[in-house]
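Heads up, the thing below is written out as structure tokens.
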Amino acid sequence: MESIPTRHRAHDALGLLVQCRPGFEADAGQELQASPARLAAAVHGQPQSGFVFLALEQALPHDELRRRLDVSRLVFARQSCQVLAVIDDLPERDRLTPLVQRIEGFQERFSALLLETPDTNEGKQQSGFLRRFGPLLEAALGKAGCLRPDSPHLPRLHVFFVGARQVWLGVSLASEGSAWPMGIPRLRMPKEAPSRSTLKLAEAILTLLSPDEQKSTLRPGLTAVDLGAAPGGWSWQLVSRGLRVTAIDNGPIAPSVTATGLIEHLRADGLTWRPKKPVEWMVCDMVEQPSRIAPIMADWVATARCRRSIFNLKLPMKKRHDEVERCRQLIDQRMRAAGVKYVLRIRHLYHDREEVTCYLTRR
Ligand SMILES: C[S@@+](CC[C@H](N)C(=O)[O-])C[C@H]1O[C@@H](n2cnc3c(N)ncnc32)[C@H](O)[C@@H]1O
Numbered sequence: 001m002e003s004i005p006t007r008h009r010a011h012d013a014l015g016l017l018v019q020c021r022p023g024f025e026a027d028a029g030q031e032l033q034a035s036p037a038r039l040a041a042a043v044h045g046q047p048q049s050g051f052v053f054l055a056l057e058q059a060l061p062h063d064e065l066r067r068r069l070d071v072s073r074l075v076f077a078r079q080s081c082q083v084l085a086v087i088d089d090l091p092e093r094d095r096l097t098p099l100v101q102r103i104e105g106f107q108e109r110f111s112a113l114l115l116e117t118p119d120t121n122e123g124k125q126q127s128g129f130l131r132r133f134g135p136l137l138e139a140a141l142g143k144a145g146c147l148r149p150d151s152p153h154l155p156r157l158h159v160f161f162v163g164a165r166q167v168w169l170g171v172s173l174a175s176e177g178s179a180w181p182m183g184i185p186r187l188r189m190p191k192e193a194p195s196r197s198t199l200k201l202a203e204a205i206l207t208l209l210s211p212d213e214q215k216s217t218l219r220p221g222l223t224a225v226d227l228g229a230a231p232g233g234w235s236w237q238l239v240s241r242g243l244r245v246t247a248i249d250n251g252p253i254a255p256s257v258t259a260t261g262l263i264e265h266l267r268a269d270g271l272t273w274r275p276k277k278p279v280e281w282m283v284c285d286m287v288e289q290p291s292r293i294a295p296i297m298a299d300w301v302a303t304a305r306c307r308r309s310i311f312n313l314k315l316p317m318k319k320r321h322d323e324v325e326r327c328r329q330l331i332d333q334r335m336r337a338a339g340v341k342y343v344l345r346i347r348h349l350y351h352d353r354e355e356v357t358c359y360l361t362r363r
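When we follow the working numbering, the leftmost residue of the sequence shown carries the number 1, and every step to the right adds one.
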């Protein structure tokens with residue numbers, strides 16, 4: 001991909017800014033290029049920068065861009081926003097005044113302010129500044145009448161700092177971007193959970209399911225299967241919500257998880273094992289080829305062995321976007337063959353590294 005052009009930044013260039021895990025710019029860019037079939041646009045991004053920019057040839061009204069490009073389908077986007085302006089020459093002595101002036105100039109009101117940076121080492125160095133600057137900017141925008149926290153239907157304002165002097169200004173609806181600045185959830189590691197990968201399932205639940213879906217499908221009395229469960233981090237997320245879990249793995253499950261009394265541990269092959277009775281949930285974190293896992297997951301849902309599933313697809317080091325699309329097709333083939341309509345959501349979560357996390361259920 002080419003580097004980001006610097007010339008057209010003085011005025012409002014409308015496009016889409018997508019934040020991703022550093023190293024995944026090519027994948028985020030490829031999927032942007034693949035999605036907007038009816039957009040004249042070019043993708044710009046630098047390797048390891050943690051973001052890519054889809055620059056439109058002609059500025060479009062927000063609703064029109066939204067209609068043409070469904071950002072909720074993007075896999076590699078941790079966070080996204082429509083760009084209203086890029087300021088390159090913010091003075092280091094007073095960044096507040098010109099920023100507030102520019103934002104006031106949009107003549108829009110915003111429900112929230114999201115202060116963000118790329119998730120890179122340079123970005124992290126700015127976290128101290130952002131902690132101090134955030135309240136000042138919020139107060140100034142509140143005073144100028146730009147912020148209306150009591151009106152959640154209004155767009156959110158993204159202020160994305162790239163270095164000390166460059167800032168991108170953008171908007172998103174709460175329903176399309178991540179609720180967390182930079183798409184990074186602040187999740188507490190539960191004391192009793194035996195592995196950090198417990199946070200991956202916690203994030204998947206919060207990201208891939210609506211609050212209503214979480215409430216109705218993750219409650220005491222329901223049953224689940226965890227394929228490749230050891231040492232039990234994912235199982236712990238389910239039992240802590242009161243579900244009964246059958247944990248499939250040849251490895252041991254941690255005592256803190258078995259002590260809940262809600263776990264049955266079976267030493268079996270997760271690729272071939274099937275339950276005698278249908279379950280609400282099947283989750284799967286087995287390290288296997290994605291093209292092997294995807295049809296198995298689809299088969300569980302297509303044959304109603306489970307109503308819904310969250311699973312990981314471990315990706316190759318290169319052509320990750322292509323691999324995700326291949327798995328999407330494999331799932332589609334299996335569901336079509338069974339005549340089953342379905343919902344499939346795929347996301348490269350903050351806690352994912354070389355993998356993506358999927359949610360699959362019947363429609
Ligand atoms: C990444 S770990 C799972 C971590 C787990 N989700 C947690 O939160 O603690 C992958 C597990 O899958 C298991 N596994 C891999 N292939 C398997 C198979 N064919 N059948 C059963 N378990 C398998 C491995 O033994 C390993 O414990």
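For glycine and all other residues, C-beta sits at the position ideal for the given N, C-alpha and C.
Point to revise | ligand 1 heavy atom lying under 7 Å from the CB of Val225 | key: no
Check your understanding: For Asp249, does the three-state DSSP call read helix, strand or coil?
Key -> coil
**Study point:** Alpha-carbon to alpha-carbon, Ser235 and Arg241
**Key:** 10 Å
**Study point:** Distance, Phe110 Cα to His153 Cα
**Key:** 9 Å
Check your understanding: Using 8 Å as the threshold, is the stretch 319-330 in touch with the stretch 277-293, meaning 3 or more CB pairs across them?
Key -> yes
Check your understanding: Taking C-alpha atoms, which residue in Thr357, Ala59, Phe51, Lys276 lies nearest to Gln79?
Key -> Phe51
Review point. Relative to the C-alpha of Phe129, which residue among Arg165, Leu147, Ser151 is closest?
Key: Arg165
Point to revise | Asp269: CB within 7 Å of a non-hydrogen atom of ligand 1 | key: yes
Review point. Per DSSP, Ala85 is paired with what?
Key: Leu169
Practice item. Jot down the residue ranges of each uninterrupted beta strand (DSSP E) in the stretch 324-355, minimum 3 residues, whole runs only, in chain order. Key: 342-347
Review point. Since Gly15 sits in a beta bridge, which residues does DSSP pair it with?
Key: Ala55, Val83
Check your understanding: Going by C-alpha distance, which of Ala337, Glu354, Tyr359 is nearest Ile346?
Key -> Tyr359
Check your understanding: So, using beta-carbon positions, are His378 and Ala59 closer together than 8 Å?
Key -> In this structure the chain extends from 1 to 363, so residue 378 is not present and cannot be described.
Review point. Alpha carbon to alpha carbon, what distance is there between Gly251 and Arg66?
Key: 47 Å
Point to revise | Any non-hydrogen atom of ligand 1 closer than 7 Å to Trp234 Cβ | key: yes
Exercise for review: Could you tell me the boundaries of the alpha helix (DSSP H) in which Asp63 lies?
Suggested key: 62-68
**Study point:** Span of the alpha helix (DSSP H) around Ser256
**Key:** 255-258
Review point. So the alpha helix (DSSP H) Lys215 belongs to, where does it begin and stop?
Key: 211-217
Point to revise | Residue burial classification, Trp300 (beta-carbon count within 10 angstroms, cutoff 16) | key: buried
Practice item. Check whether the Cβ of Ala230 lies closer than 7 Å to any heavy atom of ligand 1, and answer yes or no. Key: yes
Practice item. Keeping to the same chain, check which residues put their C-beta closer than 6 Å to that of His351; ignore five residues upstream and five downstream. Key: Leu199, Lys200, Glu203
**Study point:** Three-state secondary structure assigned by DSSP to Ser175
**Key:** coil
Check your understanding: If you measure from the CB of Val287, is any heavy atom of ligand 1 nearer than 7 Å?
Key -> yes
Exercise for review: Can you tell me which of the three DSSP states Thr357 falls into?
Suggested key: strand
Point to revise | Under the three-state DSSP convention, the category Lys314 falls into | key: strand
Practice item. My understanding is that Tyr342 touches Arg362, with C-beta atoms under 8 Å, so please give their C-beta distance in whole angstroms. Key: 6 Å
Review point. Hey, is Pro194 close to ligand 1, as in C-beta under 7 Å from one of its heavy atoms?
Key: yes
Point to revise | Buried or exposed (CB count within 10 angstroms, at least 16 for buried), Arg7 | key: Note that Arg7 scores 35 on pLDDT, short of 50, meaning its location in the model is unreliable and no value can be drawn from it.
Check your understanding: Leu157 and Val167: beta carbons closer than 8 Å?
Key -> no
Check your understanding: Given a threshold of 16 other Cβ atoms within 10 Å of its Cβ, counted over all protein chains shown, does Trp273 qualify as buried or as exposed?
Key -> exposed
Check your understanding: What's the gap between the Cα of Val257 and the Cα of Ala193?
Key -> 7 Å
Check your understanding: Going by the CB atoms, is the gap between Phe76 and Phe24 shorter than 8 Å?
Key -> yes
Check your understanding: Does any heavy atom of ligand 1 sit closer than 7 Å to the C-beta of Asp249?
Key -> yes
**Study point:** C-beta atoms of Leu206 and Pro185 nearer than 8 Å
**Key:** yes
Practice item. Using the Cα positions of Leu238 and Arg188, report the straight-line distance between them to the nearest angstrom. Key: 16 Å
Check your understanding: How about Ser240: is its Cβ closer than 7 Å to a heavy atom in ligand 1?
Key -> no
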